[in-house]
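Here the sequence shown stands for residues 0 to 397, numbered as in numbering that gives the first Met the number 0.
Glycine included, each C-beta is placed from N, C-alpha and C at the ideal position.
Here the structure is laid out as structure tokens; the discussion comes afterwards.
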Amino acid sequence: MFQSDALIIPLVSYGLKQSLIERAGNIIRQEQQVDKTKKTDKSDKNLTPFFIETTASNLVCKIVLFSNWSPLEATMNDDSLREHIRKFISKSIEYIIVKNEQSNIKIESIAFAAPDSCKKENILAEEMIYETKRQIELTKSSLRISFILLPDQQTLYHQFLTAIQKMQSNDGVHAVFSCPITNDFKNWNQYMINTFYKYCYDRCVLPKTDDDKRIRLIGPINNVYDAKYKYHLTNVLIQEKIHLQQLLPTTPRPRPIIRSQITDSISIMSSSICYNIMLSYCQEDSIISQRLADRLIDEGFSVWIDLIESNDTFSQINKSECIILCISENYVENKFSLNTVEYAKQMGKHIILVKVQNYTSNDWLQQLIPNEIYFQLFGSENHFDLQYDKLLLKIVSI
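This is how it looks when you write it as structure tokens:
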């Protein structure tokens with residue numbers, strides 16, 4: 000499960016601590032080494048050791064350290080919390096260095112179990128990352144450091160990722176991301192490969208596939224993370240599409256069609272046409288809405304583009320599988336938009352919210368569709384591409 004020589008588990012990592020104890024089996028407490036990191040203080044009446052060292056037993060490591068570090072957030076301010084985190088990291092690394100000096104066991108890598116009860120996760124992630132880097136530089140150590148999180152610690156994971164990106168970006172370094180090429184990659188067609196390579200090229204990221212069947216992304220740290228996300232998201236989209244094709248192997252997708260392509264005579268003859276998607280937008284946002292429609296049509300969806308003032312809005316809602324609302328300040332202030340949303344909800348249609356303007360929603364829409372995720376398509380071209388992929392994944396999973 001873990002490939003580190005030493006696992007360091009604070010008392011506040013409740014879930015992970017219990018899981019590791021169960022996996023380890025019969026662990027044995029080791030004789031305490033001399034703690035050179037502990038300062039002599041006659042006023043310190045706490046005789047509890049900062050670390051309890053045990054054997055690894057069934058775990059794939061050499062030693063396990065249980066730390067009695069447990070910051071009481073309720074009784075400390077942010078500065079005190081930061082100091083407690085720094086103390087935990089520095090004493091842990093110093094303990095391992097002393098361990099290497101005093102025993103025959105050589106520790107070359109450490110895995111810290113991230114606490115799962117700290118409410119200020121941004122401070123926790125920043126200080127664990129920054130203090131680790133500071134200690135490695137200060138001691139000139141070659142220790143390899145990693146952090147272990149539980150699957151449900153997604154928010155903390157993103158805080159760690161942000162801290163690492165910020166640190167590496169400030170250092171002006173490049174990054175190398177490497178992962179195995181799974182069987183999913185075999186399902187990429189040439190268009191997908193070209194799109195991904197162009198995505199990397201535009202961000203000065205070099206994608207390479209090696210003989211060991213791994214893909215490597217090399218370039219500026221933030222751009223590498225974007226390309227990594229694009230790679231994984233593309234794989235997920237492909238799997239969703241394959242799954243849909245297996246469910247509906249004989250159902251043809253309606254041909255792409257947009258309102259501007261329909262003449263009045265064709266509209267009369269095609270009253271039975273149904274659409275995958277209806278885009279509801281206001282005139283002021285027509286450029287970005289049309290851009291979104293063009294991308295969806297290129298994917299093979301049939302799209303109806305509908306101004307919220309149009310007379311046939313309700314009939315087109317009835318013919319569409321899902322409704323995308325292009326949200327902006329102008330849209331929510333238009334008197335027709337409320338009727339559109341209410342009717343779509345009444346008809347049980349899937350509604351997807353897309354922000355086309357940097358607008359803080361605090362109006363009737365938030366009350367009518369609470370807790371709904373917004374896809375933000377305003378901003379740079381790079382941001383639009385990533386958000387579009389997320390939107391596409393949402394559409395194909397409906």
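1. Under a Cβ-count criterion, where at least 16 other Cβ atoms within 10 Å of its own Cβ denotes burial, should residue 75 be classed as buried or exposed?
2. Based on Cα-Cα distance, which residue from 286, 296, 124 lies nearest to residue 277?
3. Buried or exposed for residue 228, going by 16 or more other Cβ atoms inside 10 Å?
4. Is the beta carbon of residue 207 less than 8 Å from the beta carbon of residue 217?
5. Just confirm the distance between the C-beta atoms of residue 331 and residue 362, as a whole number of angstroms; I'd bet it's less than 8 Å.
6. Three-state secondary structure (DSSP) at residue 63?
7. Run through DSSP, which three-state label would residue 113 get?
8. Three Cβ pairs or more, each shorter than 8 Å: is that satisfied between the region 361-381 and the region 295-312?
9. Cutting at 8 Å between CB atoms, please list the residues of its own chain near residue 270, excluding the five before and the five after it.
10. Specify, as a first and last residue, the run of the beta strand (DSSP E) that residue 354 falls within.
11. Take the Cβ of residue 114 as the centre, count every other Cβ of all protein chains shown within 10 Å, and call the residue buried at 16 or more, exposed below.
12. Using C-beta distances below 6 Å, list every residue in its chain close to residue 68, excluding the 5 sequence neighbours before and after it, in chain order.
13. Determine the DSSP secondary structure at residue 154, reduced to helix, strand or coil.
14. Roughly how far, in whole angstroms, is the beta-carbon of residue 351 from the beta-carbon of residue 321, given that I think they are within contact range, below 8 Å?
15. Identify whether residue 277 lies in helix, strand or coil by the three-state DSSP scheme.
16. Would residue 277 count as contacting chain D if we go by Cβ distances under 8 Å?
17. Check residue 146 in the structure and name its three-state DSSP category.
18. Is it right to say residue 213 is buried, meaning 16 or more other beta carbons lie within 10 angstroms of its own, or is it exposed?
19. Determine the contact status of residue 6 and residue 97, defining contact as a CB-CB distance below 8 Å.
20. Less than 6 Å between C-beta atoms, sequence neighbours within five positions excluded: which residues of the same chain meet that for residue 226?
21. Any chance you could list the alpha helix (DSSP H) runs of at least 4 consecutive residues sitting entirely within the region 296-348, in chain order?
22. Provide the residue(s) that pair with residue 443 in DSSP beta bridges, ordered along the chain.
23. So is residue 346 buried or exposed if we call it buried at 16+ other beta carbons inside 10 Å?
24. The beta strand (DSSP E) that contains residue 375, what's its start and end?
25. Going by the CB atoms, is the gap between residue 392 and residue 236 shorter than 8 Å?
26. Consider the C-beta atom of residue 283 and the heavy atoms of the ligand MG; say whether any pair is separated by less than 7 Å.
27. Among 129, 136, 59, which one has its Cα closest to the Cα of residue 82?
28. What number of angstroms, rounded off, separates the C-alpha of residue 196 from the C-alpha of residue 119?
29. Roughly how many angstroms lie between the CA atoms of residue 221 and residue 311, to the nearest whole one?
30. Considering residue 6, what are the terminal residues of the beta strand (DSSP E) in which it resides?
31. Going by other Cβ atoms of all chains shown within 10 Å of its Cβ, with 16 needed for buried, is residue 4 buried or exposed?
32. Residue 207 by DSSP, collapsed to three states: which one?
33. What would DSSP say about residue 213, mapped onto helix, strand or coil?
34. Could you check where the alpha helix (DSSP H) with residue 363 kicks off and where it finishes?
On the basis of the supplied data:
1. exposed
2. 296
3. exposed
4. yes
5. 5 Å
6. strand
7. coil
8. no
9. With a pLDDT of only 45 at residue 270, under 50, the local geometry of the prediction cannot be trusted, and the value read off the model is given with reservation. Cβ neighbours of residue 270 beyond the five flanking positions: none.
10. 349-354
11. buried
12. 9, 87
13. helix
14. 6 Å
15. strand
16. In the structure shown, chain D cannot be found, because there is only a single protein chain.
17. strand
18. exposed
19. no
20. 199, 204, 216
21. 312-318, 328-332, 334-345
22. Missing from the structure shown is residue 443; the chain here goes from 0 to 397 and no further.
23. exposed
24. 373-375
25. yes
26. For the ligand MG, the structure offers nothing, since it holds no ligand at all.
27. 129
28. 38 Å
29. 46 Å
30. 5-9
31. buried
32. strand
33. strand
34. 363-367
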